[in-house]
Amino acid sequence: MKYSPGSKEIYSEVIDGLSYYQTTGEVYHTLRSKAKFHKFYLQAITGRAFPKILDIGCFTGTEIFMLPKPDPKAKYLGIDVSSKAITIAKSLSRKRGEKNVDFQIVDGNKPLPFSDKSFDIIYALELIEHLKTPAQFFAEVRRVLKDNGVFIVSTPNADTFLNKISRWLPPSLSQALNQARLQDFARHGTSSPITPIVWDRDAHISLWGFSKWRSTLVQSGFKLDCIEGSSFYGGSRYISEKPFLLGLMILLDSVIDLLPFKPHLQMCMLLKLVKAK
Numbered sequence: 001m002k003y004s005p006g007s008k009e010i011y012s013e014v015i016d017g018l019s020y021y022q023t024t025g026e027v028y029h030t031l032r033s034k035a036k037f038h039k040f041y042l043q044a045i046t047g048r049a050f051p052k053i054l055d056i057g058c059f060t061g062t063e064i065f066m067l068p069k070p071d072p073k074a075k076y077l078g079i080d081v082s083s084k085a086i087t088i089a090k091s092l093s094r095k096r097g098e099k100n101v102d103f104q105i106v107d108g109n110k111p112l113p114f115s116d117k118s119f120d121i122i123y124a125l126e127l128i129e130h131l132k133t134p135a136q137f138f139a140e141v142r143r144v145l146k147d148n149g150v151f152i153v154s155t156p157n158a159d160t161f162l163n164k165i166s167r168w169l170p171p172s173l174s175q176a177l178n179q180a181r182l183q184d185f186a187r188h189g190t191s192s193p194i195t196p197i198v199w200d201r202d203a204h205i206s207l208w209g210f211s212k213w214r215s216t217l218v219q220s221g222f223k224l225d226c227i228e229g230s231s232f233y234g235g236s237r238y239i240s241e242k243p244f245l246l247g248l249m250i251l252l253d254s255v256i257d258l259l260p261f262k263p264h265l266q267m268c269m270l271l272k273l274v275k276a277k
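Per full-length UniProt numbering, the very first residue in the sequence shown carries number 1; after that it's consecutive.
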């Protein structure tokens with residue numbers, strides 16, 4: 001059987017019941033983020049001959065499977081530290097009849113096992129906040145990226161307006177809100193046999209804001225080409241179940257998109273970088 005890009009069949013082999021993808025708000029948040037990433041990717045791949053694309057932290061390969069592939073000669077490689085995830089990615093790739101797609105087990109915290117200047121486009125989505133030494137990782141990305149290559153990265157924004165406000169909350173209130181969020185995630189969130197981890201700050205060991213990420217990337221030899229925010233609204237089930245609140249959040253997202261300082265208001269940052277000379 002061949003699966004269409006982004007189809008539920010892909011996720012059903014990895015996530016029990018597709019619980020994370022079933023509310024309107026979560027689908028909106030996910031598709032909005034993917035649309036902005038795909039825009040950066042298509043800009044980067046246009047005009048390149050025989051492009052090679054590397055997905056770092058690919059998990060089960062769903063990002064590669066969902067990517068538009070305008071060039072049949074392009075080659076895609078996904079790497080992840082999880083052997084179980086890579087096994088599933090390879091199985092899905094065979095079932096989908098994917099061509100020019102491969103997967104390898106690689107630990108992103110260690111030197112990348114590739115030659116210098118190997119890839120035209122490298123992306124790492126929701127990965128760098130989990131790394132112990134992001135600067136070391138960026139140095140490796142720069143090494144294996146071609147001179148005219150593009151690096152696309154997304155990460156939560158610790159300096160968003162709402163996060164700054166939350167720092168002024170009484171500790172008891174902040175703790176209660178965080179506990180309620182984790183309980184909601186445990187009741188309704190993803191249930192994966194591969195990585196049964198609930199989102200928390202312990203898993204995000206490098207949870208930084210835009211200024212620190214930018215300075216670290218610049219010091220690592222990258223130039224910021226473009227920055228986008230994914231969404232002011234994170235797709236919580238509480239809001240998804242209330243049409244008025246969901247509509248209000250979607251409207252607010254549209255308004256924020258028009259503001260020059262929008263990345264500082266949105267929950268996640270999407271950065272498009274080029275290799276500095």
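Glycine residues also receive a C-beta, built at the ideal position from the N, C-alpha and C atoms.
- Note on the region 63–133: whole beta strand (DSSP E) runs with a minimum of 3 residues are 75–80, 101–105, 119–125, in chain order.
- DSSP places S206 outside both helix and strand once states are collapsed to three, so it counts as coil.
- Rounded to whole angstroms, the separation of the alpha carbons of S83 and L42 is 29 Å.
- With 16 or more other Cβ atoms inside 10 Å of its own Cβ, R142 counts as buried.
- Where D225 is concerned, the enclosing beta strand (DSSP E) starts and stops at 222–229.
- Contact check between the region 75–93 and the region 55–63: three or more CB pairs, one atom from each, fall below 8 Å, which counts as touching.
- F119 is positioned such that its CB atom lies no closer than 8 Å to that of K39.
- Its chain contains K73 as the residues whose beta carbon lies nearer than 7 Å to that of F50, once the 5 sequence neighbours on both sides are disregarded; these appear in chain order.
- In this structure, the alpha-carbon of I121 lies about 9 Å from that of D55.
- In the DSSP annotation of this structure, G149 is not part of any alpha helix (DSSP H); the continuous beta strand (DSSP E) holding it starts and ends at 145–156.
- Just so you know, the alpha carbons of L265 and D257 end up roughly 10 Å apart.
- Nearest C-alpha to P68 among A158, G221, K34: K34.
- For the 8 Å CB-CB criterion, D147 and K275 form a contact.
- With a cutoff of 8 Å on beta-carbon distance, I128 and V153 are scored as near each other.
- Going by C-alpha positions, N157 is about 27 Å away from A85.
- Excluding the 5 residues flanking it on each side, C226 has same chain C-beta neighbours closer than 6 Å at K272, in chain order.
- Distances from the CA of L207 to each of L31, T46, E126 were compared; the closest alpha carbon is that of E126.
- Excluding five sequence positions before and after K99, the CB atoms of its chain that fall closer than 8 Å to its own CB belong to P72, given in chain order.
- Ranked by Cα distance from K277, the options K36, F222, V255 are led by F222.
- Of the other Cβ atoms in all chains shown, fewer than 16 fall within 10 Å of the Cβ of T133; this residue is therefore exposed.
- Taking 8 Å as the upper bound for CB-CB distance, L270 and E228 are in contact here, some 4 Å apart.
- The alpha-carbon separation between L131 and F37 amounts to approximately 21 Å.
- With a 10 Å radius around the Cβ and a threshold of 16 neighbouring Cβ atoms, D253 comes out buried.
- Under DSSP, D159 shares a beta bridge with no residue.
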